[in-house]
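The sequence shown lines up with residues -21 to -1, 1 to 462 when you count with mature numbering (1 follows the signal peptide of the UniProt record, and there is no 0). By construction, the Cβ of each residue, glycine as well, lies at the ideal position given by its N, Cα and C atoms. For clarity, every value in this text was computed on a predicted model and none was experimentally measured.
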Amino acid sequence: MFTALLFTLGIAAATSFNASAIDNQNNKNKLPDIGISGYSVLSTDKELQIGKAMMRQLRASQPLIQDPVLIEYINHLGNSLVKNAQGVNYAFEFFLINNNELNAFAFFGGHVGIHSGLITTADTESELASVIAHEISHVTQRHLARRLESQSQTQGLTMAAMLSSVLITLVNPTVGIAALSASMAVTQQASINYTRGNEKEADRVGIALLATSNFDPQGAASFFSKMSTKYRYASKPPAMLLTHPLPESRIADARQRALNYPARPLPPSLGFELTKARLKARYQGDAKSNIGFFKLQLNKKRYAIKAAAQYGLALSYFENKQTSEALKLLELLEVNDKDNLFYVDALTDVYIANNQAGKAIKMLERLNLFMPNNQVVSLNYANALLTVKEYDLAAQILQDFLLVNPGNFIAYDILTTLYRTQQKTGLMHMSKAEVYALLGAYPKAVDELQTSYAFLDEQPLMQKRVKARILQFQEQENRLKRL
């Protein structure tokens, strides 16, 4: 079964879906002839089902970065490209994996994964955007569906077998290519990104998308050139070069294509630089080394934006439990940029650590009035309220947020903690069931719901909801088995 195969491989923030806008776009955009064949393998609805299943398995086994600030940034960046793309059939979801390897990949249903190492290696936001635009183009041109059709016709493989091999190759190319070679007897280029023609098409469409989205069209050539120079003689190239081969002709072609668009040298992006600083301070190295790193940046003025280096230093201080030093820097940054969610999130953590949760609540209460259901604001607000035992208001904030963002893993996790603290056992098991469902563990989710039912004797309406949810989870699992 497809579900079991994905689980054997060891495989967070939803984007909003504007159906009318996409319908209008579909009317004016058509795939080139080369892509039509992909439709004979997978319908759009089936792509969405498979994409959601893959995403659940990734959550269960890969080190996804469940960080609202970074999720917000990468989805904002990704969707600023998607809104200008042609052939968009569904909402996209962008996510980060805590892995220093240079890699990015896309799969069914508009899911695009970016390894943290790719972001910290990029020098500009346009370089990062060029990689994301390339992956978006693989999705909109339906390259994966084309690849599957080609393999099914020539090798007689089942859909489940192909999807299993494809997914492991996307996430871990070194392991995946070996698996593809062994299980599928692949004799053509050992690459998921499908053929040289697919790569060339994704480059062409991606660079056009980069330019029309107001990024520097030379971002792709710049990043390609950097990777080629760095890894030209490496015995072990990065994961991305295994799935995206980089001959000199491709770099030259990218440079030439970029010349078709107006040059657009851009100033450094604060959001991008803050993202790099946050990844460094919270996900790479140790706190003391990072303090030294950011101090050196500031002393030698080796930064693109000073505020980003100060922010990185503040986070490093916090990780080293030097909360007073962190607070001074963050309050200095926030006073000049009050609505910057990078600063708001970090200040919330510092205030709570300093037993000043009231300050965090006051700050977040104001932001929640004009940024309702923003994941950074809502999740931090609920967490701060939980700290001061304002349980009912915290639960209301989370419930309102989940009505708009029903697949948010972090919100359900906080809600589970909240109900456990309140000793609301029935509700706690209901919330925990949603966490398991988001990991693709439907039997465990059903077990949690069955447990919750016994604790809801005096709440018949809630028991009806539990019964209905059990049926929904069972149907979702059965639907995957029929793929």
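Pairing residue 248 with residue 410, the inter-Cα distance amounts to about 38 Å. Taking a cut-off of 8 Å on C-beta distances, the segment 266 to 274 does not touch the segment 51 to 63, as fewer than three cross pairs fall below it. Under DSSP, residue 90 forms a beta bridge with 72, 86. According to DSSP, residue pairing for residue 97 in a beta bridge does not occur. C-alpha of residue 190 to C-alpha of residue 240: approximately 7 Å in a straight line. When C-alpha distances from residue 373 are compared across 364, 379, 380, the shortest belongs to 364. In the structure shown, the three-state DSSP call for residue 381 is helix.
Taking the Cα positions, residue 370 is about 22 Å away from residue 427.
The Cβ atoms of residue 81 and residue 107 do not sit closer than 8 Å to each other. By DSSP's assignment, residue 459 forms no beta bridge with any residue. Taking the Cα positions, residue 72 is about 36 Å away from residue 438. The count of Cβ pairs closer than 8 Å, one atom from the segment 43 to 53 and one from the segment 175 to 187, stays below three, leaving the stretches out of contact. Boundaries of the alpha helix (DSSP H) harbouring residue 389: 388 to 401, taken from the DSSP string. Beta-bridge annotation (DSSP): residue 43 is paired with 76.
Non-local C-beta neighbours of residue 423 in its own chain, meaning closer than 6 Å and more than five positions away in sequence, comprise 415, ordered along the chain. About 12 Å separates the beta carbons of residue 266 and residue 304, which is beyond the 8 Å limit, so they are not a contact pair. Here residue 425 is near residue 452, since their CB atoms are less than 8 Å apart. For residue 86 and residue 110, the gap between their C-alpha atoms comes out near 15 Å. In terms of Cβ geometry, residue 359 and residue 383 do not form a close pair [threshold 8 Å].
When the alpha-carbon of residue 319 is set against those of 337, 52, 380, the nearest one is in 52. Here the alpha carbons of residue 407 and residue 55 stand approximately 32 Å from one another. DSSP places residue 81 outside any alpha helix (DSSP H), giving it a letter other than H or E.
Contact check for residue 182 against residue 232 passes: the beta carbons are separated by less than 8 Å. Around the beta-carbon of residue 104, 16 or more other beta-carbon atoms lie within 10 Å, marking it buried. Distance from the CA of residue 301 to the CA of residue 404, rounded to the nearest whole angstrom, comes to 37 Å.
A direct Cα-to-Cα measurement between residue 286 and residue 433 gives close to 53 Å.
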